[in-house]
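Here is the structure we will look at.
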Amino acid sequence: AQRPVREGLNVLFVVADDLRPALGSYGDPLVRSPNIDQLASRSVVFQNAFAQQAVCAPSRVSFLTGRRPDSTRLYDFNSYWRTHAGNYTTLPQYFKENGYITMSVGKVFHPGISSNHSDDYPYSWSLPAFHPSSEKYENTKVCRGRDGKLHANLICPVNVAEMPEATLPDIQSTEEAIRLLKSLQRIKRKFFLAVGYHKPHIPFRYPRKFLKLYPLENVTLAPDPAVPKKLPSVAYNPWMDLRRREDVAAFNLSFPYGPIPEHFQRKIRQSYFASVSYVDTLVGKLLNALDEAELSHNTVVVFTADHGWSLGEHGEWAKYSNFDVATRVPLMFYVPGVTTPISDPGQKFFPFIDPFAQDSCSGLPGKPKEMVELVSLFPTLAELVGLAVPPVCPQPSFHVPLCSEGKSLVQYFPSSGGGQVNHGFK
Amino acid sequence: RKETPVAFSQYPRPGDIPAPNSDLPLLQDIRVMGYSIRTDDCRCTVWFGFNPNNFTVDVKDIHGGELYFEKSDPNEDHNRYNETLHGSPLSKRCP
């Protein structure tokens with residue numbers, strides 16, 4: 002069969018932080034995510050996609066280099082693969098070396114040592130990475146408590162106008178990405194624009210209005226909130242990052258298994274879902290801007306996350322484990338002319354949807370359910386836009402600059418010719 | 759090329775018992791690495807001894823195992839790893 006490749010397409014790569022597939026398009030009955038669902042309705046959606054390690058820096062370095070953690074030798078946050086493992090070509094670097102202008106907005110690489118304090122610029126990016134100025138307040142005392150004072154809480158719905166700089170990091174990243182899209186419309190160069198959202202990573206600092214989507218009485222506990230009897234202790238993660246937040250620390254929970262009170266478990270889940278809807282709204286604005294810039298007809302859109310997040314299942318919270326809830330991620334590819342019919346410039350595919358006005362779609366029967374891995378992003382994107390697919394890595398591959406330990410997922414896409422994915426939902 | 763699609767994940771630990779650095783052990787503190795293979799039927803994880811100085815695992819040094827079957831236990835609450843020991847037929851259902 003002819004492979005569904007369209008040469009010269011741009012790439013808009015969107016990655017959320019700590020987002021499990023708690024989305025309408027993945028069958029979640031509660032979460033409102035109409036904009037990501039709309040993207041899903043025009044995409045190939047992988048129902049069983051998994052990260053290679055459920056923590057930010059190792060996962061991101063893995064999928065951005067196309068190598069597993071044993072090849073990047075990054076399991077924590079404290080080394081840079083080019084000097085610690087091998088001088089590997091990254092996904093954006095590969096596009097840059099093939100004539101693309103490559104840009105990073107927000108959290109794409111994990112910042113710090115693991116990306117050489119530069120987001121791997123200039124290797125990976127044509128321009129220095131953009132980081133929102135309000136990011137520095139993320140872990141400061143900006144959450145209004147019941148005592149009227151400011152705290153560094155886990156649960157932190159806010160009035161944005163009262164925040165330092167009167168904004169939030171993901172709002173700033175969206176504004177910058179939209180500004181770049183408008184510029185790209187003018188300069189007419191092939192681009193690879195990566196936009197990394199900070200949410201739903203903790204703290205749950207998000208516009209308070211999103212709480213209204215999730216009345217607490219509608220929020221259930223995890224179906225299995227107890228630590229399983231036969232779970233080996235080595236498999237358990239004690240979710241220290243939650244314990245350190247002021248509102249959680251106040252419970253004086255026993256370590257390591259002491260459960261969080263049920264009413265607070267509900268509040269954590271409520272704020273996680275509200276953060277997802279907040280991200281969905283920003284993704285909707287970003288995709289609407291892609292439409293407005295008349296770039297939807299020639300831009301691949303990828304949406305994924307670095308890993309998932311436990312929401313009380315197995316008595317656990319956060320990531321840091323091998324449970325499916327921590328490793329499974331959303332993964333979808335919109336490829337104009339492949340997952341939608343070939344269209345003209347200016348055709349609108351992604352009108353903004355207000356989550357307060359419209360429910361999510363739920364479930365996508367008939368979508369690819371094969372086990373796939375984020376390490377396959379690199380060869381998949383290369384193939385989709387007609388670049389040479391990096392060869393499969395030999396073992397070991399520390400001396401090989403360009404290769405991939407994943408494999409292209411294009412085999413799961415509809416064959417070329419403008420065929421539309423059969424989504425089976427309204 | 760006809761292999762079953764699988765997904766691999768891994769996670770490091772400083773030791774067998776949950777400790778304050780179990781979530782995010784520094785490289786020099788990693789002593790165990792849990793490797794998972796996920797198929798559409800099951801997830802199997804084996805926690806091996808790990809040497810952070812030479813990045814190697816000791817496959818004979820097993821610190822724990824997990825085996826969950828997707829159809830009967832989609833939430834991964836019933837670990838059946840130990841039932842696979844001694845040649846139980848369960849082991850034939852998953853790698």
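From first to last, the protein sequence lines stand for chains A and B.
Taking this note's numbering, the leading residue of the first sequence gets 2, the next gets one more, and so forth.
Taking this note's numbering, the leading residue of the second sequence gets 759, the next gets one more, and so forth.
Cβ coordinates follow ideal geometry from the N, Cα and C atoms, glycine included.
Give every residue of the same chain whose Cβ lies closer than 6 Å to the Cβ of P369/A, excluding the five residues on either side of it in the sequence, and list them in chain order. F47, Y413
Cβ-Cβ distance between V386/A and L20/A below 9 Å: no
Could you have a look at L812/B and say whether DSSP puts it in helix, strand or coil? Sequence inspection shows Asn at residue 812/B; the Leu mentioned does not correspond to that position. Here N812/B sits in coil by DSSP.
Helix, strand or coil at H836/B according to DSSP, with G and I counted as helix: coil
Under 9 Å by beta carbon: chain B residues contacting H315/A: N833, E834, D835
Hey, how far is the Cα of N423/A from the Cα of F110/A? Caution applies to N423/A, whose pLDDT of 43 falls short of 50 and renders its modelled position unreliable; the value that the coordinates give is listed next. Roughly 34 Å between the two C-alpha positions.
DSSP three-state call for G418/A: helix, strand or coil? Unreliable placement is indicated for G418/A, whose pLDDT of 47 sits below 50; the coordinate value is still reported in the next sentence. G418/A falls in the coil class under three-state DSSP.
Would you report the Cα separation of K286/A and P810/B, rounded to the nearest angstrom? 44 Å
Output the boundary residues of the alpha helix (DSSP H) element that contains C57/A. 57-66
To which residues of the same chain is L388/A closer than 6 Å at the C-beta, ignoring the five residues directly before and after it? N99
Could one say the Cβ of P1/A lies closer than 9 Å to chain B's Cβ atoms, at least one of them? Nothing can be reported for residue 1/A: it is not among the residues displayed for chain A, which extend from 2 to 427.
Would you say S276/A and P201/A are within 9 Å of each other, going by their C-beta atoms? yes
Does the structure place the segment 167-187 of chain A close enough to the segment 69-81 of chain A that three or more beta carbon pairs sit under 8 Å? no
Length-filtered (4 minimum) alpha helix (DSSP H) runs lying within the segment 249-331 of chain A: 263-293, 325-328
Backbone CA spacing between K1/A and N837/B [nearest angstrom]: Since the first and last residues shown for chain A are 2 and 427, residue 1/A lies out of range.
If you compare alpha carbons, which of G87/A, Q266/A, A52/A, V373/A is closest to T762/B? V373/A
Quick one: list the residues of chain A neighbouring D816/B, beta-carbon separation under 9 Å, in chain order. Per Cβ cutoff of 9 Å: no residues; D816/B is ~14 Å from chain A at best.
Using only the alpha-carbon positions, how far apart do V411/A and E8/A sit? 14 Å
Kindly confirm or deny that the segment 774-786 of chain B and the segment 183-199 of chain A touch, where touching means at least three C-beta pairs closer than 8 Å. no
Could you give the first and the last residue of the continuous alpha helix (DSSP H) run that contains E384/A? 378-385
If you draw a straight line from the C-alpha of F766/B to the C-alpha of F806/B, how long is it? 15 Å
Here's the rule I'm using: 16 or more other beta-carbon atoms within 10 Å means buried, otherwise exposed. How should S125/A be labelled? buried
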